[in-house]
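A quick write-up on the structure given underneath.
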Amino acid sequence: MCARVTDVMTENVVTCERDTSLAPAAKRMVEEEVGSVVVTNDGTPYGIVTESDVVYASYRADRPITKIPTRKVASHPLETVEPTAPVRLVVDRMREEQIKKLVVVEDLTLRGIVTTWDLVDHYGELTGEVKTIRQRRQRRADEWTGL
Numbered sequence: 082m083c084a085r086v087t088d089v090m091t092e093n094v095v096t097c098e099r100d101t102s103l104a105p106a107a108k109r110m111v112e113e114e115v116g117s118v119v120v121t122n123d124g125t126p127y128g129i130v131t132e133s134d135v136v137y138a139s140y141r142a143d144r145p146i147t148k149i150p151t152r153k154v155a156s157h158p159l160e161t162v163e164p165t166a167p168v169r170l171v172v173d174r175m176r177e178e179q180i181k182k183l184v185v186v187e188d189l190t191l192r193g194i195v196t197t198w199d200l201v202d203h204y205g206e207l208t209g210e211v212k213t214i215r216q217r218r219q220r221r222a223d224e225w226t227g228l
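Below, the structure written as structure tokens:
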């Protein structure tokens, strides 16, 4: 069975409009305990701002982050993936493009986000399932052999 993006993605995505300043975007990241905010333009996914983007902008700017719109620091165009894409494709893209997050979009509608942490969690679940299957097989083999 091939895992799909929908199997591993986070559905509840923190968003803000592109003219929102970095300050409330950063505040939302802290409150929601996430590492990024998807920036939208009238509700349509436009870009992404990460914790690193906020730190870099606050260090480099000659004005407070309350005066910097998210569109100025958002990664744009947005790196996206469809919800039906295989997880293997996501892993390959993240590795090749050296990115940690892909925004899940279907027909220009935001559906979720898949991060390296989502993939780690999924891998952990898979290894747990494999361990359980191996244990079951061993018990059956022991029952058959009488050991």
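According to this note's numbering, the sequence shown is numbered sequentially starting from 82. C-beta: ideal position from N, C-alpha, C; glycine also. Values in this document were obtained by computation on a predicted structure and should not be read as measured data.
Give a yes or no on whether 8 Å exceeds the smallest Cβ distance from residue i to chain B.
i, result
"K108", "The chain labelled as chain B is not found in the depicted structure, where only one protein chain is given."
Can you have a look at residue i and say buried or exposed, based on whether 16 or more other CB atoms are within 10 angstroms of its CB?
i, result
"T190", "exposed"
"D134", "buried"
"V211", "For V211, the pLDDT reaches just 46, beneath the cut-off of 50, and the residue's location in the model is therefore unreliable, leaving the point undetermined."
"T196", "buried"
"G193", "buried"
"D143", "exposed"
"V171", "buried"
"D199", "buried"
"V111", "exposed"
"D168", "In the sequence as presented, Asp is not what sits at residue 168; that position holds Val. So V168 ends up on the buried side."
Have a look at residue i and residue j and give me their C-alpha separation to the nearest angstrom.
i, j, result
"T121", "P158", "11 Å"
"Y127", "S117", "13 Å"
"A106", "V186", "21 Å"
"P164", "E114", "23 Å"
"S102", "G124", "16 Å"
"E132", "C83", "32 Å"
"I180", "V162", "13 Å"
"L183", "W225", "48 Å"
"D188", "R141", "36 Å"
"M175", "E160", "10 Å"
"E177", "K108", "31 Å"
"A104", "E92", "24 Å"
"V201", "A166", "17 Å"
"D173", "A155", "23 Å"
Anyone know if the C-beta pair for residue i and residue j falls short of 8 Å?
i, j, result
"S139", "I129", "no"
"V94", "V119", "yes"
"H203", "V86", "no"
**Message:** Does the structure place the segment 97 to 113 close enough to the segment 145 to 156 that three or more beta carbon pairs sit under 8 Å?
**Reply:** When C-beta atoms of the segment 145 to 156 are compared with those of the segment 97 to 113, three or more pairs fall below 8 Å, so the two segments count as touching.
**Request:** Report the residue ranges of all alpha helix (DSSP H) runs contained in full by the segment 90 to 131; include only those spanning at least 4 residues, in chain order.
**Result:** For the segment 90 to 131, whole alpha helix (DSSP H) runs of length 4 or above, ordered along the chain, are 103 to 113.
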